[in-house]
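Colleague:
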Amino acid sequence: MEGGGSERQTGGRNSLSARDLRETLAEVGICTWSLNPTTGRVTVSENCHQVLGVPARSLSDHDAFQAVVHPEDRGARAAAVCCALNQGGRYSIEYRVRQADGEVRWVRSQGRAERGRGPAATRFRGIVYCIDERRQAEARLQRLQADLIHVSRLSAMGEMASALAHELNQPLGAISNYAAACDHFLAEPGPVRIDEARDAIAAATGQAQRAGAIIRRLRDFVTRGETDRQFESVAGLIGDACDLALIGVGEQGVEVRIDPGPPGARVLADRVQIQQVLVNLIRNACEAMRDSARRYLAITAAVQNDGVVRISVSDTGPGIPAAIADTLFLPFVTTKPTGMGVGLSVSRSIVHAHGGGFWVDSTATGGATFHFTLPTVED
């Protein structure tokens, strides 16, 4: 900083000329634009064809610029420009443009509207540049995250395979028994036998419907689909998840308490993904209590004052081992001998994507309680 601060030079041979600036921006793919708020005339740099795919001379006014914008994004861009001109300050928006050859690409435009002494903007200028690579990377990341979530669901069902097989064998075995009884009744014709056969058929139908309900729940749970957020009842989410997650739990001697909270509580959520979180937490809790003398599982929900519902899953297992307490939510960290170690990591990502929180409380006397929150919605 000798000589009075050479970094503050604004002239002379060390300053960046307008030509140098234009060439530098062109080399990095940045187009400059300027809009005259009074006349509506637009001026763009010559390199705009690299970004927008049309000659600079064709973008003479706001309407001409709008014509390049993808039809689905024109409204949002026009609203953003209008807001900047009316209120002044910074302008920033991402939208798609359709080039002359039909190719569609994503761009980001940002700038600033300046005011004079009056309320109207006197100057509006900025830059626009291509963000296609970033958008494509984000799309790939979203696909990978969706794949991981789906794999986690399949893994959960794989770990429950024996319990699911047992649950399905019960109605199937009952159907077989009722069919045999029906055959026996019909071998000895008579009004009484026919009535008994009808009863057997009705009972078999009920068992078939029970098996069908189990299969439908499994199909809905493992099917890979796009994220679909709807208004969902918290009690309904918990009930559907418990129907699947608690299969076979009674035979393990687990005492279960379910308190789904107030019946009117609702959230905006992807039903399958939130059920996935609950199924993972419930199955983990049951697994943790496998060697416990007392096996008590509590699944509760409570609406908080800050506009969220807190859902908790508590167990009486050994708690969280100190060795993994700090890394519990990292991928591939698990206490199961055959686990993948992605369930908790995926569950936390799902909850965070829904705008909620995810954490665990563990006590010195044993047991763990996993909590997650979701924003509630008003009727």
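Here my numbering is used: the first residue of the sequence shown is 75, the next is one more, and so on. Note that CB positions come from ideal geometry on N, CA and C, so glycine has one too.
Which two residues bound the contiguous alpha helix (DSSP H) that contains S419?
Modeller: For this step, residue 419 is matched to residue 345 along the sequence shown. Taken as a continuous stretch (DSSP letters only), the alpha helix (DSSP H) holding S419 covers 417 to 427.
Colleague: Among the residues of its own chain, which have a CB less than 6 Å from the CB of A130, if the five just before and after it don't count?
Modeller: Reading the sequence shown from its first residue, position 56 is the one you call residue 130. Correct list, in chain order: V118, E120, C122.
Colleague: Within a Cβ cutoff of 8 Å, which residues of the same chain sit near L402, ignoring the five residues on either side of it in sequence?
Modeller: Looking up residue 402 in the sequence shown gives position 328. The residues are I394, L418, V434.
Colleague: Report back the beta-carbon spacing between A174 and G127 to the nearest angstrom; my notes put them in contact at under 8 Å.
Modeller: Locating residue 174 in the sequence shown gives position 100, counting from the first residue. Locating residue 127 in the sequence shown gives position 53, counting from the first residue. Right, the Cβ-Cβ distance comes to about 5 Å (below 8 Å), so this counts as a contact.
Colleague: For T412, collect the residues of the same chain with a Cβ closer than 6 Å to its Cβ; drop the 5 residues on either side in sequence, then sort them by chain order.
Modeller: Counted from its first residue, the sequence shown places residue 412 at position 338. Low confidence applies to T412: its pLDDT is 49, below 50, so where it sits in the model is not reliable enough to give any reading.
Colleague: Note down, in chain order, each residue of its chain lying with its Cβ closer than 8 Å to the Cβ of S134, except the 5 sequence neighbours on either side.
Modeller: The residue labelled residue 134 in the question sits at position 60 within the sequence shown. Once the five neighbours on either side are set aside, the close Cβ partners of S134 are R115, V116.
Colleague: Using the three-state DSSP reduction, which class does T412 fall into: helix, strand or coil?
Modeller: For this step, residue 412 is matched to residue 338 along the sequence shown. The pLDDT assigned to T412 is 49, lower than 50, so where the model puts this residue is not dependable, and the model offers no usable value.
Colleague: If you measure between the beta carbons of V171 and Y203, is that distance less than 8 Å?
Modeller: Translated into the one-based positions of the sequence shown, residue 171 becomes position 97. Translated into the one-based positions of the sequence shown, residue 203 becomes position 129. Their beta carbons are not under 8 Å apart, which means V171 does not touch Y203 by this criterion.
Colleague: Assign G185 to one of two classes, buried (16 or more other C-beta atoms within 10 Å of its C-beta) or exposed (fewer than that).
Modeller: For the purposes of this step, residue 185 is taken as residue 111 along the sequence shown, with counting starting at 1. Under this definition G185 is a buried residue.
Colleague: So G391 and A427 are supposed to be a Cβ contact under 8 Å. How far apart are they, rounded?
Modeller: Counting from one through the sequence shown, the residue named residue 391 turns up at place 317. Counting from one through the sequence shown, the residue named residue 427 turns up at place 353. So it is not a contact: roughly 28 Å between Cβ atoms.
Colleague: Closest by CA to S386, which one among L342, S366, G441, E270?
Modeller: The residue labelled residue 386 in the question sits at position 312 within the sequence shown. Considering only alpha carbons, the answer is G441.
Colleague: To which residues of the same chain is A277 closer than 6 Å at the C-beta, ignoring the five residues directly before and after it?
Modeller: Numbered from its first residue, the sequence shown carries residue 277 at position 203. For A277, where only same-chain residues beyond five positions count, the Cβ hits under 6 Å are Y252.
Colleague: Given a threshold of 16 other Cβ atoms within 10 Å of its Cβ, counted over all protein chains shown, does C316 qualify as buried or as exposed?
Modeller: The residue you call residue 316 lines up with position 242 of the sequence shown. It is buried - the Cβ of C316 has at least 16 other Cβ atoms within 10 Å.
Colleague: In whole angstroms, what is the alpha-carbon distance linking G77 and T98?
Modeller: Along the sequence shown, one-based indexing puts residue 77 at 3. Along the sequence shown, one-based indexing puts residue 98 at 24. Since pLDDT at G77 reaches only 46, below the 50 mark, its modelled position is unreliable, and the value read off the structure follows with that caveat. C-alpha separation (whole angstroms): 29 Å.
Colleague: Can you list, in chain order, the residues of its chain with a C-beta nearer than 8 Å to that of A274? Leave out the 5 residues immediately preceding and following it.
Modeller: To locate residue 274, count along the sequence shown from 1; it is residue 200. Closer than 8 Å at the Cβ level, and outside the excluded window around A274, lie Y252, A253, A255, C256, F259.
Colleague: Tell me the DSSP secondary structure of L133 in three-state form.
Modeller: Numbered from 1 along the sequence shown, position 59 holds the residue referred to as residue 133. Here L133 sits in coil by DSSP.
Colleague: So which of S132, L109, R357 has the shortest CA-CA distance to I22?
Modeller: Because the chain spans 75 through 453 in this model, residue 22 falls outside it and cannot be assessed.
Colleague: Starting from R115, follow its DSSP beta bridges and name the residues at the other end.
Modeller: The residue given as residue 115 occupies position 41 in the sequence shown. D135.
Colleague: On the premise that L355 lies in contact with S421, defined as a C-beta separation below 8 Å, what is that separation, rounded to the nearest angstrom?
Modeller: What you label residue 421 is simply residue 347 of the sequence shown in a count that begins at 1. What you label residue 355 is simply residue 281 of the sequence shown in a count that begins at 1. Going by Cβ atoms, the distance from S421 to L355 rounds to 7 Å, so yes, they are a contact pair.
Colleague: Can you confirm whether the segment 281 to 291 touches the segment 322 to 329 when touching is taken to mean that 3 or more C-beta pairs between the two stretches lie within less than 8 Å?
Modeller: Too few Cβ pairs lie closer than 8 Å, so no.
Colleague: Enumerate in chain order the residues of its own chain whose CB-to-CB distance from R179 is below 8 Å, with the five nearest sequence positions on each side excluded.
Modeller: As a working note, residue 179 is residue 105 in the sequence shown. If we look at R179 and ignore the five residues flanking it on each side, its Cβ neighbours are G127, R170, V171, Q173, C204, D206.
Colleague: Alpha carbon to alpha carbon, how far is S423 from D389?
Modeller: Residue mapping note: residue 423 aligns to position 349 of the sequence shown, counting from 1. Residue mapping note: residue 389 aligns to position 315 of the sequence shown, counting from 1. Each residue's Cα considered, the two are about 22 Å apart.
Colleague: Leaving aside the five residues before and after A309 along the sequence, list all residues of the same chain whose C-beta is less than 6 Å from its C-beta, in chain order.
Modeller: Within the sequence shown, residue 309 is the residue found at index 235, counting from 1. Excluding positions up to five away in sequence, the list reads P334, P337.
Colleague: Taking Cβ positions, are L159 and A187 nearer each other than 8 Å?
Modeller: Start at 1 with the first residue of the sequence shown, and residue 159 comes out as number 85. Start at 1 with the first residue of the sequence shown, and residue 187 comes out as number 113. Against a cut-off of 8 Å, the Cβ pair of A187 and L159 comes out as a contact.
Colleague: If you reduce the DSSP assignment to three classes, tell me which class E168 lands in.
Modeller: Along the sequence shown, one-based indexing puts residue 168 at 94. DSSP places E168 in strand when its eight states are reduced to three.
Colleague: Which term fits F305, buried or exposed, when burial requires 16 or more other beta carbons within 10 angstroms of its beta carbon?
Modeller: On the sequence shown, position 231 is the one that residue 305 refers to. Result: exposed.
Colleague: Residues in the same chain with beta-carbon distance under 8 Å from L311, minus the five sequence neighbours each way, listed in chain order, please.
Modeller: In the sequence shown, counting from the first residue as 1, residue 311 sits at position 237. So the qualifying residues of the chain are V341, A343, R345, I348, Q349, L352.
Colleague: For R197, I'd like the list of residues in its chain whose CB is within less than 6 Å of its CB, leaving aside the five on either flank, ordered along the chain.
Modeller: Here residue 197 refers to the residue found at position 123 when the sequence shown is read from its first residue. Cβ within range, chain order: E188.
Colleague: Expressed to the nearest angstrom, what Euclidean distance is found between the alpha-carbon atoms of G176 and E168?
Modeller: By one-based count along the sequence shown, residue 176 stands at place 102. By one-based count along the sequence shown, residue 168 stands at place 94. Each residue's Cα considered, the two are about 19 Å apart.
Colleague: Take S132 and list the residues in its own chain whose beta-carbon comes closer than 7 Å to its own, dropping the five residues that flank it on each side.
Modeller: The residue given as residue 132 occupies position 58 in the sequence shown. Within the same chain, S132 has close Cβ partners A138.
Colleague: Taking just the CA atoms, how far does R209 sit from R217?
Modeller: The count along the sequence shown starts at 1 and reaches residue 217 at position 143. The count along the sequence shown starts at 1 and reaches residue 209 at position 135. Cα to Cα, the separation comes out at about 12 Å.
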